[in-house]
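Right, one structure below, let's go through it.
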Amino acid sequence: FNGTTLFEDVFEQVVRLCIEKGLITGKLLLTDSTHVRANARNDLYETITVADEPSAYIKRLNEQAIADGLLEADYADHVKPKTKEIKQSKTDPESGYMHRPGKPNGFHYLSHQICDNEHGLITDVFVTPGNINDRSVHSERIKTQIDKYGFETDAVCADKGYDSSEIHADMPERGIQTYIPRQVVPSEENRFQVSDYKYDEVTDSYCCPAGYTIPYKYYDHEQGGKVYYSRNVECSRCPYRDKCISGKSKRKLIRRKQNQSAYETRCPKNDSPEYYAAMRLRQIWCEGNFSHQKANHNLKRVRTRGLGKAFMHCLLSATALNLKRMVKLLTRQLHCEKHNFLQADTFKMRVCF
6 FNGTTLFEDV FEQVVRLCIE KGLITGKLLL TDSTHVRANA RNDLYETITV
56 ADEPSAYIKR LNEQAIADGL LEADYADHVK PKTKEIKQSK TDPESGYMHR
106 PGKPNGFHYL SHQICDNEHG LITDVFVTPG NINDRSVHSE RIKTQIDKYG
156 FETDAVCADK GYDSSEIHAD MPERGIQTYI PRQVVPSEEN RFQVSDYKYD
206 EVTDSYCCPA GYTIPYKYYD HEQGGKVYYS RNVECSRCPY RDKCISGKSK
256 RKLIRRKQNQ SAYETRCPKN DSPEYYAAMR LRQIWCEGNF SHQKANHNLK
306 RVRTRGLGKA FMHCLLSATA LNLKRMVKLL TRQLHCEKHN FLQADTFKMR
356 VCF
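Under the numbering used here, the sequence shown has 16 at position 11, and the numbering climbs by one with no breaks.
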């Protein structure tokens, strides 16, 4: 079955059957990813140099910046190509070396799954190397399954690893609310947070706690956002200098994503009852599914090599879970229908006599 879409077709057919039976609504979609051990030794690798290119999202932001007049159309011609060094497995070069806090180091794949909130049935599976960021595939996978299954999705929910201006900007374009915890950047004690600097859309500038203006200076094409920094003279005589910048710095610098406004608009929703209910469901279904799959459906590690075969492996695991849960739910549904029928029939007999 190599090179075919057989396993993907089977998975999608099961999802469509669940939709027909009313087991999947697509109103609230819950997202998470889990590491799957690659069939490769962690000590058998080589260090290679690869191009350090901006993500598809950063490229999209740069295109928007060109349209807004913040960036020259030929900026890429004047940019020196960057490179980076990564570990590549000699056994399975398509896997990725994962190095995350609280996670096992080594060569892994990431299985990204999206679940429906009704019964936790899995509606989408996507596999990437273990060194890929979670948030980089989220928006595209949500759009793909909405278009594929015709979901009328009201909201999406994910953990703080998916907190990005990309997701908070892409989802409202489709009328979808985001329930994602805010990722707090750790800072030194007694230092000002980013939220302490107030942004003014009219003047396109920030105001620091001391009342000084931090104006826009230039657009950073590497990070896809605007850069604002204060004047050296103002910072040198400011009484809050020690709480704002470090001893070596001479001025305050703030970076702002192109879609930061959408991000700031969505975050206040995180205190609503709907937010806490969605986060609870995400914990139950997403993390519960991964735990069940690893215990019963071989999601701890792959036995084959290559991204394509890892994708088939994760698809089979998700399909097995969906089939078992679908049968269980339909059996329960049928039992309830029979019970209600018997109760109604008994009632009729009592009325007759």
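Each residue gets a CB set at the ideal place from its N, CA and C atoms; glycine is no exception.
Query raised in the report: Three-state secondary structure (DSSP) at E148?
Result: Contrary to the premise, residue 148 reads as Lys rather than Glu in this sequence. Shown here, K148 sits in a helix according to DSSP, grouped into three states.
Query raised in the report: Cα-Cα, which of A78, R65, I147 and L49 is closest to Y102?
Result: For the set A78, R65, I147 and L49, the Cα lying nearest the Cα of Y102 is the one of L49.
Query raised in the report: Can you tell which of T10, H124, Y217 and R260 has the C-alpha that lies nearest to the C-alpha of T30?
Result: If we check each option's Cα against that of T30, H124 comes out closest.
Query raised in the report: Cβ of Y211 versus every heavy atom of the ligand NAP: is any distance shorter than 7 angstroms?
Result: Looking at this structure, you won't find the ligand NAP or any other ligand, since it has none at all.
Report task. Leaving aside the five residues before and after L320 along the sequence, list all residues of the same chain whose C-beta is less than 7 angstroms from its C-beta, in chain order. Result -> Within the same chain, L320 has close Cβ partners F12, E13, F16 and V130.
Query - For C243, three-class secondary structure by DSSP - result: The three-state reading of DSSP puts C243 in coil, since its state is none of H, G, I, E or B.
Query raised in the report: What residue from K85, C120, T36 and V41 has the CA that sits closest to D57's CA?
Result: Closest option to D57, Cα to Cα, is K85.
**Report entry** The beta strand (DSSP E) enclosing I91, as first and last residue numbers
**Finding:** T88 to S94 is the span of the beta strand (DSSP E), which, as asked, contains I91.
Report task. Provide the residue(s) that pair with C212 in DSSP beta bridges, ordered along the chain. Result -> K203 and T218.
Requested in this report: List the endpoints of the continuous alpha helix (DSSP H) containing C23.
Outcome: Run containing C23: L11 to E25, per the alpha helix (DSSP H) assignment.
Query raised in the report: Who are F131's beta bridge partners in DSSP?
Result: Under the DSSP definition of a beta bridge, F131 partners with H117.
Report task. Using 10 angstroms around the beta-carbon of T28, count the other beta-carbons present and answer buried if the total reaches 16, otherwise exposed. Result -> Per the sequence shown, the amino acid found at residue 28 is Leu instead of Thr. The residue in question, L28, is buried, as its Cβ has 16 or more Cβ neighbours within 10 Å.
**Report entry** Cross-strand partners of Q182 (DSSP beta bridge)
**Finding:** Bridge partners of Q182: A160.
Query raised in the report: How about D164 and P186: do their beta carbons lie closer than 8 angstroms?
Result: In contact: D164 and P186 (Cβ atoms closer than 8 angstroms).
Query raised in the report: Closest to R242 by CA distance: which of H226, I289, T39 and Y217 is it?
Result: Comparing Cα positions, the closest option is Y217.
Query - Terminal residues of the alpha helix (DSSP H) in which Y62 lies - result: Counting along the chain, the alpha helix (DSSP H) containing Y62 begins and ends at A61 to A72.
Requested in this report: Answer with buried or exposed for K257, where buried requires no fewer than 16 other C-beta atoms within 10 angstroms of its C-beta.
Outcome: Result: buried.
Requested in this report: State the DSSP-derived secondary structure class of F358, mapped to helix, strand or coil.
Outcome: For F358, the predicted model reports a pLDDT of 41, less than 50, meaning its position is unreliable; a value from the coordinates is still stated below. The three-state reading of DSSP puts F358 in coil, since its state is none of H, G, I, E or B.
Report task. Starting from the C-beta of V55, find all residues in its chain whose C-beta is less than 7 angstroms away, skip the five residues before and the five after it, and write them out in chain order. Result -> Taking V55 as the centre and dropping the five residues before and after it, the same chain places the C-beta of T88, K89 and I91 closer than 7 angstroms to its C-beta, in chain order.
Query - Integer Cβ distance of P244 from A283, believed to fall under 8 angstroms - result: At roughly 43 angstroms, the Cβ-Cβ gap does not stay under 8 angstroms, so P244 and A283 are not in contact.
Query raised in the report: With C-beta atoms as the reference, is I127 less than 8 angstroms away from N327?
Result: Contact annotation: I127 and N327 have beta-carbon atoms nearer than 8 angstroms.
**Report entry** Same chain, Cβ closer than 8 angstroms to R306, five either side skipped, listed in chain order
**Finding:** Close CB contacts of R306 within its chain, under the 8 angstroms cut and outside five residues either way in sequence, are with V41, R42, A43 and N44 (chain order).
**Report entry** A78, DSSP secondary structure in three states
**Finding:** Looking at A78 - three-state DSSP - the assignment turns out to be coil, as it is neither helix nor strand.
Query raised in the report: Between the segment 64-75 and the segment 136-144, do three or more beta carbon pairs fall short of 8 angstroms?
Result: Flag = no, the segment 64-75 and the segment 136-144 do not touch.
Query - Sequence-distant residues of the same chain with beta carbon closer than 7 angstroms to E364, five excluded per side - result: For residue 364 there is no data in the structure shown, the boundaries of the chain being 6 and 358.
Report task. Along the alpha helix (DSSP H) that carries G230, what are the first and last residues, could you check? Result -> No alpha helix (DSSP H) holds G230; the beta strand (DSSP E) holding it covers G230 to Y234.
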